[in-house]
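Engineer: The following block contains the structure, expressed as structure tokens.
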Amino acid sequence: MTTIIIAIVAVLSITYALLNVNADALKRSAREYAVSVAENVAYRVSNEVEGFENAIKQIINIFSSPSISTADKIEMAKAIMVLESIDFIAVFDKKGKKQDVVSSSAVVVPDALPEEVCQTVIEKGRYYGLVNDDKDAAKLGILIPWWRRDEIFAFLYTEMDISDISTYIKDISLSRLGAEDLVSVFDRNGNVVLPLDESRQEFLKSVLHQGFITEDSRLENVFSSNFIATHNYTDKDKGKMLGALISMPDLSWAIFIQQPYETVYWSLGRMRRLSIVVGFISLCFAILLAFLISRYITRSIAKLTHGVRQVAN
21 MTTIIIAIVA VLSITYALLN VNADALKRSA REYAVSVAEN VAYRVSNEVE
71 GFENAIKQII NIFSSPSIST ADKIEMAKAI MVLESIDFIA VFDKKGKKQD
121 VVSSSAVVVP DALPEEVCQT VIEKGRYYGL VNDDKDAAKL GILIPWWRRD
171 EIFAFLYTEM DISDISTYIK DISLSRLGAE DLVSVFDRNG NVVLPLDESR
221 QEFLKSVLHQ GFITEDSRLE NVFSSNFIAT HNYTDKDKGK MLGALISMPD
271 LSWAIFIQQP YETVYWSLGR MRRLSIVVGF ISLCFAILLA FLISRYITRS
321 IAKLTHGVRQ VAN
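Residue numbers for the sequence shown follow the numbering used here, so the first one is 21 and each next one is one higher.
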């Protein structure tokens, strides 16, 4: 009887361990897959933004050169703008007041920069933000500081069309996750920057704050560090989901990858049922084997006892 109990306990323990290993392995796999998708998105976004940023820095170097005439500086700046598809460059003084705009067409540029934005640019060397204009909903504002003799001299500002990036994110979401709206990009304020779809912004912001960000955390501080987290939640339109939030420290943004629960764990039920079946079959064999061994041992002991008694008599 003891042998049978030991066999049952051993088989049940192994089956339980297999079930947990399957679940943990799938969770790790889903997290790694989300990270791989986020890395593709981050690479594309960073490349696009860095291209504009480097162009502005080249223009700053041109404007800072004393050996180049003012007319030549403007022409060289325009050449770089044409090469990088930059529509305009706005120059603000160190107090954030607009001084000049280099552009081939009429553009609308704010007369002054918010003080907190200027301070962020000075501290971090750049600032990116979605343009709050319905007509330019697919534009990203880029602000770069202009230093002279270790002091802030001015700021250069431009806007980048991000409609192509928005399309790219929808395409990669469809090809890698099965739907166009499963990849989103949050800015430092928790707003959905990409893709440009207002229909789900409020819901996604609620998931961000309820599942990933505590009340004491500042989004910008979290996003500016290496941050990866997953959270299960329910989407009223899509059902149960697994969300993964991966930060983009260079931009103080974060990429949110949503994976349908059924897609992530579609094989978990089958693996668990298979583990249970295998465990049940193993249990049957273990009980049968334990019974045979126990019976064999019992008979052997009985024969030995009988032989000892005969010798004693």
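Built from N, CA and C at the ideal position, the CB exists for glycine as well.
Within the chosen definition, does the stretch 140-152 reach the stretch 56-65 through at least 3 CB pairs nearer than 8 Å?
Structural biologist: No, they do not touch.
Engineer: Could you check where the alpha helix (DSSP H) with GLY231 kicks off and where it finishes?
Structural biologist: Where GLY231 is concerned, the enclosing alpha helix (DSSP H) stretches over 221-231.
Engineer: Between the stretch 124-141 and the stretch 160-177, are three or more C-beta pairs nearer than 8 Å?
Structural biologist: Yes: the two stretches touch, three or more of their Cβ pairs being nearer than 8 Å.
Engineer: In the structure shown, what three-state DSSP assignment does ILE277 receive?
Structural biologist: Three-state DSSP puts ILE277 in a strand.
Engineer: If you count every other CB in all the chains shown that lies within 10 Å of the CB of VAL128, and 16 or more means buried, which is it?
Structural biologist: Exposed, because fewer than 16 other Cβ atoms sit within 10 Å of the Cβ of VAL128.
Engineer: Quick one: is GLU104 near chain B, going by C-beta distance under 8 Å?
Structural biologist: You won't find chain B in this structure, because it holds only one protein chain.
Engineer: Flag this pair as touching only if the stretch 181-201 and the stretch 77-85 have three or more C-beta atom pairs under 8 Å; answer yes or no.
Structural biologist: Not touching, per the Cβ criterion.
Engineer: With DSSP collapsed to three states, give me the class of GLY263.
Structural biologist: Reduced to three states, the DSSP call for GLY263 is strand.
Engineer: Apart from the five residues on each side of it in sequence, which residues of its chain come closer than 7 Å, Cβ to Cβ, to LYS258?
Structural biologist: Here the set comprises PRO280.
Engineer: Whose CA, out of ARG220, ALA274, VAL213, lies closest to the CA of ARG238?
Structural biologist: Answer by Cα proximity: ALA274.
Engineer: Tell me which residues share the same chain as SER85 and place their Cβ nearer than 6 Å to its Cβ, disregarding the 5 neighbours each side in the sequence.
Structural biologist: Same-chain partners within the cutoff: there are none.
Engineer: From the DSSP output, which residues share a beta bridge with ALA132?
Structural biologist: Partner(s): LYS117.
Engineer: Could you check the C-alpha separation between GLN221 and ALA158 for me, to the nearest Å?
Structural biologist: Rounded to whole angstroms, GLN221 to ALA158 spans 15 Å at the Cα level.
Engineer: Could you tell me if the beta carbon of ALA158 falls within a distance shorter than 7 Å of some heavy atom in the ligand SAM?
Structural biologist: For the structure depicted, the ligand SAM is absent and the ligand set is empty, with no information on it obtainable.
Engineer: In chain order, what residues of the same chain have a beta carbon less than 8 Å from the beta carbon of ALA97, not counting five sequence neighbours either side?
Structural biologist: Hits under 8 Å: ILE79, ILE82, PHE83, ILE109, VAL122.
Engineer: Do you know offhand how far ASP181's Cα is from ASN211's?
Structural biologist: If I take the Cα positions, the gap works out to 18 Å.
Engineer: So what does GLY149 bridge to, in DSSP terms?
Structural biologist: Answer is GLY161, bridged to GLY149.
Engineer: According to DSSP, is ALA249 part of a helix, a strand, or is it coil?
Structural biologist: In the structure shown, ALA249 sits in a strand (DSSP, three-state: E or B).
Engineer: Using the DSSP secondary-structure output, state which residues sit across from PHE175 in a beta bridge.
Structural biologist: Answer is PHE112, PRO165.
Engineer: Classify VAL227: buried if its beta carbon has 16 or more other beta carbons within 10 angstroms, exposed otherwise.
Structural biologist: Burial call: buried.
Engineer: Identify the continuous beta strand (DSSP E) that holds SER186 and give its terminal residues.
Structural biologist: No beta strand (DSSP E) holds SER186; the alpha helix (DSSP H) holding it covers 183-197.
Engineer: Taking C-alpha atoms, which residue in GLU171, ARG196, LYS260, GLU73 lies nearest to HIS251?
Structural biologist: Closest option to HIS251, Cα to Cα, is LYS260.
Engineer: Beta-carbon separation of SER204 and LEU214 under 8 Å?
Structural biologist: Cβ distance < 8 Å, so SER204 and LEU214 count as in contact.
Engineer: For ALA249 and ALA54, which I take to be in contact (beta-carbon distance under 8 Å), what is that distance rounded to the nearest angstrom?
Structural biologist: Wrong, their Cβ atoms sit about 10 Å apart, outside the cutoff.
Engineer: Please classify GLY71 as buried or exposed, where buried requires at least 16 other C-beta atoms within 10 Å of its C-beta.
Structural biologist: GLY71 is exposed by the Cβ-count criterion.
Engineer: Given that a residue counts as buried once 16 or more other Cβ atoms are within 10 Å of its Cβ, and exposed if not, what is ARG168?
Structural biologist: Exposed, because fewer than 16 other Cβ atoms sit within 10 Å of the Cβ of ARG168.
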